[in-house]
Amino acid sequence: MPLKAVLFDMDGVIVDTEPLHRKAYFKMFDDLGIEVSEELYTSFTGSSTKRVCTTLVEKFNLEESHEDLAAIKRNYFKHYFDHDPDFDLISGVRNLIENYYENGIKLVLASSAHMNTINWVFEKFDLEKHFVGKISGADLQESKPHPEIFILASEIAGEPKEHCMVIEDSTNGIEAASAAEIFCVAYQSAHSKSQVYDKANLLVSDYGDISFEKIGRYF
29 MPLKAVLFDM DGVIVDTEPL HRKAYFKMFD DLGIEVSEEL YTSFTGSSTK
79 RVCTTLVEKF NLEESHEDLA AIKRNYFKHY FDHDPDFDLI SGVRNLIENY
129 YENGIKLVLA SSAHMNTINW VFEKFDLEKH FVGKISGADL QESKPHPEIF
179 ILASEIAGEP KEHCMVIEDS TNGIEAASAA EIFCVAYQSA HSKSQVYDKA
229 NLLVSDYGDI SFEKIGRYF
């Protein structure tokens, strides 16, 4: 049962946009005059902007719609995306993507990020040529930890689930892969905080450990 397709999350797996999202969200919170605790903010990890903004509107009884909040946040995020000097690909991920691609593995992006953000990342780092498809959770009915996004990603790859592998870094994403019954690698970075890995099949902190040559023993 060889590996045929890898389904990549984006935030925390390909790029670390988390610091940019954080800056953008907290600027938005300031604009709205709301106090969001670290505990509440951490619970949003891996969720779509729509889900986060809908939760904020309900929790704080805001007059603005979730679309209004998302627009404010997205403007701040794009500013940081374009101007933050520390923003780059996660260490080792370009080599991993090229390694899979050169060995005939189909790559699909399955991210909770908005498609605009996905396209910005792919354009900035020239990733498009390696991937057969991209899915934004913002366009789906359900959000991670629901398995919909990974089931759809395996269908886009055109491979049975048992020939697919997910790379994730968040509790919600790992639970989504588990619920989809797809082999899941959890990537633990220096930036990972308060995430639960017990439903992952494999935990790594170095992408070299899951190269095409090494991952085969799990399939």
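Letter 219 of the sequence shown, counting from 1, is numbered 247 in our numbering, and no numbers are missing. The beta-carbon is built from N, C-alpha and C at its ideal position, and this holds for glycine as well. Predicted, not measured: the structure shown is a model, and the values here were computed from it.
Three or more Cβ pairs closer than 8 Å define a contact, and the segment 179-189 falls short of that threshold against the segment 147-157.
Along the length of the segment 150-193, whole alpha helix (DSSP H) runs at least 4 residues long occupy 176-185, reported in chain order. Between the alpha carbons of E203 and K227 lies a gap of roughly 7 Å. Within the same chain, M193, N229 come within 6 Å of F211 by CB-CB distance, once the 5 residues on both sides are set aside. Within the DSSP bridge table, the entry for F36 names L137, I195 as partners. In the structure shown, V213 falls within a strand segment according to DSSP collapsed to helix, strand and coil. Classified as exposed, F247 has fewer than 16 neighbouring CB atoms from the shown chains inside 10 Å of its CB. One alpha carbon belongs to E67, the other to D37, and they sit about 23 Å apart.
Within the same chain, Cβ atoms closer than 6 Å to the Cβ of V64 are found at F57, the five residues on either side in sequence being excluded.
With a cutoff of 9 Å on beta-carbon distance, F105 and T145 are scored as near each other.
If you check the CB distance, T77 and K101 come in under 9 Å. The beta carbon of S198 sits closer than 6 Å to the beta carbons of T73, G74, Q223 from its chain, once the five residues preceding and following it are set aside; these are given in chain order. A straight line joining the alpha-carbon of W148 with that of N123 spans about 20 Å. By the 16-neighbour rule on beta-carbons within 10 angstroms, N103 is exposed.
Contact fails between the segment 110-129 and the segment 78-96, because fewer than three Cβ pairs, one in each stretch, are under 8 Å apart.
The bridge partners DSSP lists for V232 are Y215.
The beta-carbon distance between I184 and G161, rounded to whole angstroms, is 4 Å. This is short enough to meet the 8 Å contact definition.
Judged by DSSP in its simplified three-state form, V64 adopts coil rather than helix or strand.
As a beta-bridge residue in DSSP terms, L117 pairs with V43.
Across the set L90, S93, D59, L168, the C-alpha of L168 shows the shortest separation from the C-alpha of S140. The Cβ atoms of L31 and I243 sit closer than 9 Å to each other. If you draw a 10 Å sphere on the C-beta of N89, you find fewer than 16 other C-beta atoms in it, and that means exposed.
In its chain, beyond the 5 residues on either side, K78, C81, T82, V85 have a beta carbon closer than 7 Å to the beta carbon of H94.
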